[in-house]
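Participant:
Numbering (my numbering), first residue to last: 1188 to 1269.
#1: Might you give, ordered along the chain, the residues of its own chain that have their beta carbon closer than 7 Å to the beta carbon of residue 1248, omitting 5 neighbours on each side?
#2: Going by DSSP in three states, residue 1244 sits in which element: helix, strand or coil?
#3: What does a CB cutoff of less than 7 Å around residue 1242 pick up in its chain, not counting 5 residues either side in sequence?
#4: Which whole-angstrom value is the C-beta distance of residue 1221 and residue 1246, which I expect to be below 8 Å?
#5: Between residue 1268 and residue 1195, what straight-line distance do the alpha-carbon atoms span, to the nearest angstrom?
#6: CA-CA distance, residue 1233 and residue 1259?
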């Protein structure tokens, strides 16, 4: 009987953890999106965003020549998901 009770408790804990991890999964859509067209942007144009610890920013570079600051070490482009 104790084994059955222990099994029920463990199953409840595992189920609670699974449902909690699914609820806190990654968001599909970013909080802010900026698109750089093929023509580029005006010289020295800056946009500022206040991103909290869980906010995301997506930059779509259609010109393939944008320089985002701060740059990654070594000048390599990196994709990151927070």
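Idealized CB from N, CA, C, for every residue including glycine. Every value quoted in this text rests on a predicted model; they were computed, and no experiment measured them.
Facilitator: The short version:
#1: 1223
#2: strand
#3: 1218
#4: 5 Å
#5: Here the model assigns residue 1268 a pLDDT of 49, short of 50, so the residue's position is not dependable, and the following value carries that caveat. Roughly 37 Å between the two C-alpha positions.
#6: 19 Å
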